[in-house]
Amino acid sequence: MVGNKWVVNGQKVWTTSAHKAHWGLLLARTDMDDTKHRGLSYFIIDMNQPGVETQPLMQMNGHASFNQVFLTDAEVLPDFQVGELGDGWQVATTTLMHERRAADSLRSWGQASKGDGPIYDQERVETETTMQPYKWYPSGLVGLT
Numbered sequence: 003m004v005g006n007k008w009v010v011n012g013q014k015v016w017t018t019s020a021h022k023a024h025w026g027l028l029l030a031r032t033d034m035d036d037t038k039h040r041g042l043s044y045f046i047i048d049m050n051q052p053g054v055e056t057q058p059l060m061q062m063n064g065h066a067s068f069n070q071v072f073l074t075d076a077e078v079l080p081d082f083q084v085g086e087l088g089d090g091w092q093v094a095t096t097t098l099m100h101e102r103r104a105a106d107s108l109r110s111w112g113q114a115s116k117g118d119g120p121i122y123d124q125e126r127v128e129t130e131t132t133m134q135p136y137k138w139y140p141s142g143l144v145g146l147t
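Under the numbering used here, think of the first position of the sequence shown as 3, with each following residue one higher.
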């Protein structure tokens, strides 16, 4: 912590839709003396602030759904900390659990489909996922051109 804020430096690759995000989730080491999963803290970070840069990664299908995110002296106020300091791993695993549950629900919607066409509630899936260049089919997520 520098003064009354965290100053973050680092990078992450394969961040989905970072170029569209207003807010990001950040798991950062806040205690260098702690080991493994201890000493990590979880933050919400403004993706449009100075010090946050996104670079799209072009895919073979011509889309750039994934990005590299570079943090250079990006500032995070303590108010944007989620959970207790040093307990970020617990918050992250809880977040992932909810994300996986949502993905599993989408998969089950697809499995409920009859035939080879799009699932019965395509509009709901698109609304839930906000991934416009994709459609869910019984076999999974398919990119559209």
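Think of the CB as a built atom: it goes at the ideal place given N, C-alpha and C, for glycine as much as any other residue.
Do residue i and residue j have their CB atoms nearer than 8 Å?
i: T32; j: G26; result: no
i: T74; j: A20; result: no
i: I47; j: V54; result: yes
i: Q51; j: E77; result: yes
i: M49; j: H24; result: yes
Excluding the 5 residues preceding and the 5 following residue i in the sequence, name in chain order all residues of the same chain whose CB lies nearer than 7 Å to its CB.
i: A94; result: L29, Y44
i: L87; result: T32, S43
i: Y59; result: It should be noted that the sequence gives Leu, not Tyr, for residue 59. Answer for L59: A66, F68, N69, Q70, listed in chain order.
i: T18; result: S67, F68
i: M133; result: Unreliable positioning characterises M133 in this predicted model, as indicated by a pLDDT of 47, which lies under 50. The coordinate reading is nonetheless provided below. Result list for M133: empty, nothing under 7 Å.
Enumerate in chain order the residues of its own chain whose CB-to-CB distance from residue i is below 6 Å, with the five nearest sequence positions on each side excluded.
i: H39; result: W91
i: W16; result: F68
i: F82; result: F45, I46
Could you name the residues of the same chain whose beta carbon sits closer than 8 Å to that of residue i, not counting the 5 residues immediately before and after it, in chain order?
i: K22; result: none
i: Q13; result: Q70, V71, F72, L73
i: D35; result: G41
i: K7; result: E77, V78, L79, P80
i: N11; result: L73, T74, D75, A76
i: G85; result: S43, Y44, Q92, V93
Where do the N-terminal and C-terminal ends of the beta strand (DSSP E) with residue i fall, by residue?
i: Q70; result: 68 to 78
i: P58; result: 54 to 59
i: D48; result: 42 to 48
Fill in: Entirely enclosed beta strand (DSSP E) segments - the segment 8 to 35, minimum 3 residues
At a cut-off of 3 residues, the continuous stretches assigned as beta strand (DSSP E) that sit fully inside the segment 8 to 35 are 8 to 18, 25 to 31.
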